[in-house]
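Written below as structure tokens is the structure these notes are about.
2 protein chains.
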Amino acid sequence: MEKVSKNFLKDSHLITELKLCNVRLIDNSKFPWIILIPKRKNITDIFQLKKKDQNLLIQEIVYASKLMKKVFKAFNLNVEKIGNIVYQLHIHVIARSKKDSSWPLSVWVVKKTTYSKTTLNKTILKLQKAFKV
Amino acid sequence: MEKVSKNFLKDSHLITELKLCNVRLIDNSKFPWIILIPKRKNITDIFQLKKKDQNLLIQEIVYASKLMKKVFKAFNLNVEKIGNIVYQLHIHVIARSKKDSSWPLSVWVVKKTTYSKTTLNKTILKLQKAFKV
Numbered sequence: 001m002e003k004v005s006k007n008f009l010k011d012s013h014l015i016t017e018l019k020l021c022n023v024r025l026i027d028n029s030k031f032p033w034i035i036l037i038p039k040r041k042n043i044t045d046i047f048q049l050k051k052k053d054q055n056l057l058i059q060e061i062v063y064a065s066k067l068m069k070k071v072f073k074a075f076n077l078n079v080e081k082i083g084n085i086v087y088q089l090h091i092h093v094i095a096r097s098k099k100d101s102s103w104p105l106s107v108w109v110v111k112k113t114t115y116s117k118t119t120l121n122k123t124i125l126k127l128q129k130a131f132k133v
Numbered sequence: 001m002e003k004v005s006k007n008f009l010k011d012s013h014l015i016t017e018l019k020l021c022n023v024r025l026i027d028n029s030k031f032p033w034i035i036l037i038p039k040r041k042n043i044t045d046i047f048q049l050k051k052k053d054q055n056l057l058i059q060e061i062v063y064a065s066k067l068m069k070k071v072f073k074a075f076n077l078n079v080e081k082i083g084n085i086v087y088q089l090h091i092h093v094i095a096r097s098k099k100d101s102s103w104p105l106s107v108w109v110v111k112k113t114t115y116s117k118t119t120l121n122k123t124i125l126k127l128q129k130a131f132k133v
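Protein chains in written order, with the working numbering: chain A, 1 to 133; chain B, 1 to 133.
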């Protein structure tokens, strides 16, 4: 497994490992929120991936998006490559609901709230079941 | 050309038409900011595109990202599918600089400022030159 940034380890939990990406749950109970982290060294941008990996990335985004939509009955999905603070390439996939705390605005306009231990474990298990871990 | 949402027509300007997407400049002088709009009907999510179009989308994101990085000497690129307000699928590609008005936060935390007519025209021409229109 490719080494991941310490920021990811602190703020997120491993769900599963796909062919290209590690999938991690972001510890923010305000939104069902995962990140896909390509297991490639020294990559900060999508265009730095090889073409084969770029196609794998979009396929894993599609796969993860469908699961997130289904598992959390999402009204919409936000799929975002930001990376202004943690440079290692990672794609946010966030299940949005019309009743969530920042709807219809971006998730970035509200502060995070960490999960309780029980809800965190339940959410990890729910996702691992969906990803067939 | 596929009909585009009225919101796009109001707040953005056509730069060029790629194989899958129309490319439009967002009228916000705070950030060099384009959107890619797949020319397909009734699509709100990446996973609703056919697999061939999904691969085309990532290739056009890569192509547009490289141009945005070069033309605006971007430190980083934000690539985002949000669509909470305008549902028609569109991908934001935003050139970020460490000196821009919301760095290192998301572009969504600051209000937009429209371009002056002169700067708007210059920016459109600069992009059209880069996209070889």
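Cβ atoms here follow ideal geometry from the backbone N, Cα and C, with glycine treated the same way.
Are the Cβ atoms of I58(A) and L57(B) separated by less than 8 angstroms?
-> yes
Secondary structure at M1(A), three-state DSSP: helix, strand or coil?
-> In this predicted model, M1(A) has a pLDDT of only 45, less than 50, meaning its place in the structure is not dependable enough to derive any value.
So with Cβ pairs under 8 angstroms, would you call I46(A) a contact of chain B?
-> yes
Cβ distance (whole Å) where T118(B) is taken to contact S29(B) below 8 angstroms | Actually they do not touch by this definition, with Cβ atoms about 11 angstroms apart.
Beta-carbon separation of L89(A) and I35(A) under 8 angstroms?
-> no
Does the distance from the C-beta atom of S5(A) to that of I26(A) stay below 8 angstroms?
-> no
Could you name the residues of the same chain whose beta carbon sits closer than 8 angstroms to that of K122(A), not counting the 5 residues immediately before and after it, in chain order?
-> none
Where DSSP assigns a beta bridge to S97(B), which residues make up the other side?
-> DSSP output for S97(B) lists no bridge partner at all.
Spatial neighbours of V107(A) in its chain, beta-carbon cut-off 6 angstroms, leaving aside the 5 residues before and after | F31, I94
Once you ignore the five residues that flank I15(B) on each side, which residues in its own chain have a CB closer than 8 angstroms to its CB?
-> V23, R24, L25, I34, I124, L127, Q128, F131, V133
Within chain B, the residues that K66(A) reaches when beta carbons sit closer than 8 angstroms = F47
Chain A contact for E60(B) (CB, 8 angstroms cutoff) = no
Please look up how many angstroms separate the CB atoms of Q54(A) and V79(B), rounded, as I've assumed it's under 8 angstroms.
-> The pair is not a contact, with the Cβ atoms about 12 angstroms apart (cut-off 8 angstroms).
Would you verify that the beta carbon of I37(B) is, or is not, closer than 8 angstroms to some beta carbon of chain A?
-> no
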